[in-house]
Amino acid sequence: MNSNNRFVVFFFISFLLLVSLLIPGCDVILLTKLAGEMNKNYDVSFSEDQLSELRTAKSAGIKIIQVYDSQSEFPSPYNKENYSILPIYEVTKDVFNNVGIDVTENNVAANSIEIQVEANGHWITAKYEDIFTKAKKTQYSGARIEGSIKIIFKGLPPVELNFESEKSPPASVDGYYNNPVSAPYQTAFESQQEYSFSNIIITLVDSIYSTAGLYSIYNHSKYDFIRKTALERIAGYSDSNSTQALIKAIEDNSEIVRKTAWVNLLKRSNEKIIDRAIELLKSDSYESRYRSAEYLSIYKSEKAFRPLIEALRNDSSGQGCQAFAAKALGNYNDSSSVQYLINSLKSDFLFLRAYSAESLGRIKDFRAIEPLIPLLDDKEKTVRDAAENALYEITDESFGSRSSWEDWWKANKSNYIN
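If you read the sequence shown in the working numbering, its first letter stands for residue 281, the second for the next number, and so on.
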């Protein structure tokens with residue numbers, strides 16, 4: 281790049297920085313994207329020699345550099361010496377220890393491999409109005425983290441991956457973010473965006489150790505967000521071991537791990553998943569019950585039909601579970617579920633009413649016509665639309681208003697119900 285071009289780029293970046301300071305939270309995303317395009321280095325590949333070094337190494341040195349906006353200006357106890365809010369060393373050590381490499385900050389030069397991690401944190405501000413005092417206050421409610429993970433070998437070229445992720449200021453906050461240190465750096469650091477720190481370090485592990493490394497980290501890491509990221513990577517392998525790991529993970533102690541497992545299970549049809557979902561319809565865990573019903577609403581299995589009716593009938597299942605059970609029953613052309621679906625039209629939970637109406641329309645049983653008509657005046661548009669669509673599916677008629685439907689039904693009921 282010649283000097284003129286460098287000057288233009290420098291001027292443009294300076295302009296964007298000025299705008300982002302004048303209008304906090306507005307154009308910072310544009311600047312992030314520009315930086316990403318100018319310094320894009322997300323693909324990782326190792327030579328056979330590098331892989332051999334890593335796979336046989338028992339120890340590695342580590343060097344951590346963390347720099348944050350206005351770090352030197354922080355009032356005590358937020359001064360530079362005390363400021364270390366991101367557990368970069370601990371997480372890096374945890375990950376590599378779990379693949380058999382002892383990571384230490386001491387005696388770095390004595391190791392054949394050195395891991396360098398650099399993280400730069402940038403706070404993002406936004407103005408908020410206090411709902412009680414109406415005072416307008418600037419809060420450090422967003423953060424961006426960018427940096428790199430570099431593996432340095434003796435006698436071999438280094439390998440480097442960049443990471444960057446952002447937590448944008450939310451529309452509202454329920455606390456005070458008065459100091460730069462209160463910006464949500466940790467959230468950005470843990471972020472599941474494609475190029476966040478957690479994803480990049482797990483990408484490294486996958487590239488070096490494949491599934492063996494991923495399973496070791498998933499099973500043994502003390503950081504739930506790292507275990508979650510490892511599980512997401514495991515889910516990318518569509519083999520039976522991956523499916524079994526996801527099934528096991530739905531009962532993990534960590535909520536974010538369980539959620540990750542269910543999100544990925546919903547993408548695959550498998551008899552073992554169906555069997556486990558049917559069992560979990562009776563789980564003591566409400567989360568397990570409604571997630572299982574959600575899964576069974578996507579993937580039809582004849583052996584799930586009766587358990588789904590029981591889940592719908594039983595109020596102790598919880599309304600979310602009942603709603604997905606009602607939705608699932610629409611997949612079966614079986615009139616034995618109709619009365620239970622009709623009963624659910626009176627629920628105070630809008631999605632149970634809506635899904636019951638939707639399923640009745642799919643089953644097309646004439647007994648559903650009369651109880652569906654009152655839902656045309658339901659307070660929730662979702663329910664009104666579901667009832668209108670269901671009535672059309674059953675009768676091939678469309679009259680719009682409830683009163684028009686009632687008049688039509690009075691004149692034609694005998695043609696449908698004996």
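Glycine residues also receive a C-beta, built at the ideal position from the N, C-alpha and C atoms.
Source: prediction; values computed, not measured.
Where residue i falls: helix, strand or coil (DSSP)
i: V383; result: strand
i: S627; result: coil
i: S681; result: coil
i: F433; result: strand
i: E673; result: helix
i: Y348; result: strand
i: I453; result: Correcting the residue identity first, residue 453 is Val in this sequence and not Ile. Residue state, collapsed to three classes: coil.
i: D564; result: coil
i: F646; result: helix
i: F474; result: The sequence shown places Glu at residue 474, rather than the Phe named in the question. E474: coil per DSSP, three-state reduction.
i: D584; result: The amino acid at residue 584 is misidentified as Asp; the sequence shows Ala. Helix.
i: K661; result: helix
i: G612; result: The question names Gly, yet the displayed sequence has Tyr at residue 612. Coil, per DSSP.
i: N695; result: helix
i: N499; result: helix
i: T413; result: coil
i: A463; result: coil
i: S604; result: The residue asked about is misnamed: residue 604 is Phe in this sequence, not Ser. Residue state, collapsed to three classes: helix.
i: G598; result: coil
i: L621; result: helix
i: Y489; result: helix
i: N458; result: coil
i: L366; result: coil
i: V324; result: coil
i: G516; result: coil
Identity of the residues DSSP links to residue i by a beta bridge
i: R424; result: H402, E446
i: S702; result: The structure shown does not extend to residue 702, since the chain is modelled only from 281 through 698, so no value can be given for it.
i: T418; result: K407
i: E394; result: G341, I432
i: L441; result: I429
Residue i versus residue j: straight-line alpha-carbon distance, rounded
i: F646; j: W542; result: 36 Å
i: D676; j: Y635; result: 20 Å
i: L652; j: R571; result: 27 Å
i: Y495; j: P587; result: 33 Å
i: E686; j: K626; result: 18 Å
i: Y369; j: G422; result: 23 Å
i: I404; j: F505; result: 23 Å
i: S684; j: Q619; result: 25 Å
i: Q473; j: N521; result: 25 Å
i: S615; j: I643; result: 7 Å
i: Y456; j: F412; result: 14 Å
i: K661; j: C601; result: 22 Å
i: E559; j: K552; result: 11 Å
i: I431; j: N378; result: 17 Å
i: L526; j: K447; result: 28 Å
i: V397; j: S339; result: 16 Å
i: D486; j: G380; result: 14 Å
i: S445; j: S563; result: 37 Å
i: L630; j: A667; result: 12 Å
i: W689; j: E650; result: 8 Å
i: A510; j: K580; result: 30 Å
i: Y475; j: F443; result: 5 Å
i: F604; j: N479; result: 32 Å
i: A591; j: L561; result: 7 Å
i: N692; j: N698; result: 11 Å
i: S327; j: N613; result: 57 Å
i: Y420; j: A468; result: 13 Å
i: A260; j: Y503; result: Within the shown structure, residues of the chain are numbered from 281 to 698, placing residue 260 beyond reach of any answer.
i: G493; j: Q599; result: 40 Å
i: E531; j: N550; result: 18 Å
i: A415; j: P449; result: 18 Å
i: L671; j: V663; result: 12 Å
i: D595; j: L621; result: 13 Å
i: K373; j: Q346; result: 16 Å
i: Y696; j: A648; result: 11 Å
i: S325; j: K607; result: 46 Å
i: Q466; j: G401; result: 10 Å
i: A557; j: Y566; result: 13 Å
Closer than 7 Å: residue i CB and nearest the ligand SAM heavy atom
i: N499; result: In terms of ligand content, the structure shown is empty, and the ligand SAM therefore cannot be addressed.
Handout entry: Cβ pair count under 8 Å reaching 3, the segment 323-339 against the segment 429-448
Key = Segments in contact, yes.
Exercise for the section: Taking 8 Å as the threshold, find out whether the segment 457-470 comes into contact with the segment 483-502 through three or more Cβ pairs. Expected result: No, they do not touch.
Exercise for the section: Return the chain-ordered ranges of every beta strand (DSSP E) run that is complete within the segment 518-554 and spans a minimum of 3 residues. Expected result: Runs of beta strand (DSSP E) with 3 or more residues, each lying fully within the segment 518-554, are absent.
Practice task
Decide if the segment 379-386 is in contact with the segment 411-429; the criterion is three or more beta carbon pairs, one per stretch, under 8 Å apart.
Solution key: Cβ pair count under 8 Å is below three, so no.
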